[in-house]
Each structure stands twice: as C-alpha cells, then as structure tokens.
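In our numbering, the protein residues as written are 3 to 111.
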C-alpha cells in the first residue's frame, strides 16, 4: 500500500484512486473515497463510501465523509461550480482520516 499512499500524499488523487481500486477491502475503499473526493469526483466518492458502509455499516468516518460529500454535491449542483471551485471547497473541508488505517494521517498538500 506504500505506493498508493505516497501517490495520495503527493496530491495525485486520480492516480491514487485508481491504485486503491485495485484492492477491494474496507480500508482501500475508504481511502479511495477520500482520493476521489479530493479529485473532485464527488459521486464516485459517495459510491466508494457506500461500499465501505455495505461492508461495515458502523464505519463512523465513512458515514461522516459520505454526508460531507453529499452536502458538497448538493451545494455544487445548486451553484453549478466548475471543477476547480469544487476542489477548493473539498480541500477546505475537514475530512476525517481513519487513524487505524494509516500510521501517518493522509492530508492534501
């Protein structure tokens, strides 16, 4: 997973999402959701969080991030923001990072 994490940490969220998709487990799906959200692919991020929640309905961080992204998507749909504006909003949001999944927290640049 180190390659995926370093790709994520470098800010290449599209590539990180592709790499996380190669593993089908709760942790990878959660991290994929985060990467997709930071890449501005909000509906895909929601789909990834839903996959986490189908495996673990009590996953609090996936619930939190899914709701956050759903709210952002609603806001985006109302105001028809362009992709760069969506990304700025997402990067300014306070995502929860699953502390058990990584030794170092994943953060955007």
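Yeah, the Cβ is synthetic: ideal placement off N, Cα and C, and Gly gets one too.
If you draw a straight line from the Cα of residue 88 to the Cα of residue 42, it comes to about 6 Å.
With a threshold of 16 other beta carbon atoms within 10 Å, residue 62 falls short and is exposed. A straight line joining the alpha-carbon of residue 24 with that of residue 15 spans about 14 Å.
A direct Cα-to-Cα measurement between residue 71 and residue 8 gives close to 23 Å. Boundaries of the alpha helix (DSSP H) harbouring residue 48: 44-57, taken from the DSSP string. Comparing C-alpha distances from residue 95 to each of 55, 36, 19 shows the shortest one belongs to 36. Ranked by Cα distance from residue 31, the first of 13, 51, 44 is 51.
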